[in-house]
């Protein structure tokens, strides 16, 4: 059975590797969108269940991606977990959020992150991967 896919977008390599391992260990397939084109391509070609997104990205493409996903169509209901280094407040351009959007301050606390992640993905008892 194919694993549910999670799009990870972060420019911090350490955070990205931690998230990638965590998502994989929880039994999901982590996909990396390190550029605007890569993220857009993954969104248009894969069935993304959750997007974990660093809202501190300096590039404008990050906010544009959030707005585009939320604008409507088949991607408008994809849940977001927003990460922020500086505060847990949303960027002013991300004010139109809903129950499908959660924000965490970095460094993230693993247990609350996992609880919110599982609630957003709608899979409270996901099968974790066996450790490698």
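In my numbering, the protein residues as written are 3 to 134. Just so you know, even glycine gets a beta-carbon here, dropped at the ideal spot from N, CA and C.
Beta-carbon to beta-carbon, residue 83 and residue 68 are separated by about 12 angstroms, too far to satisfy the 8 angstroms threshold. By the C-beta density criterion, residue 119 is buried, having at least 16 other C-beta atoms within 10 angstroms. For residue 36, the three-state secondary structure derived from DSSP is coil. The three-state reading of DSSP puts residue 7 in strand, counting E and B together. The segment 10–18 and the segment 44–61 touch, with no fewer than 3 CB-CB distances between them shorter than 8 angstroms. When the five nearest sequence neighbours on each side are left out, the beta carbons in the same chain lying within less than 8 angstroms of the beta carbon of residue 78 are those of 71, 72, in order along the chain.
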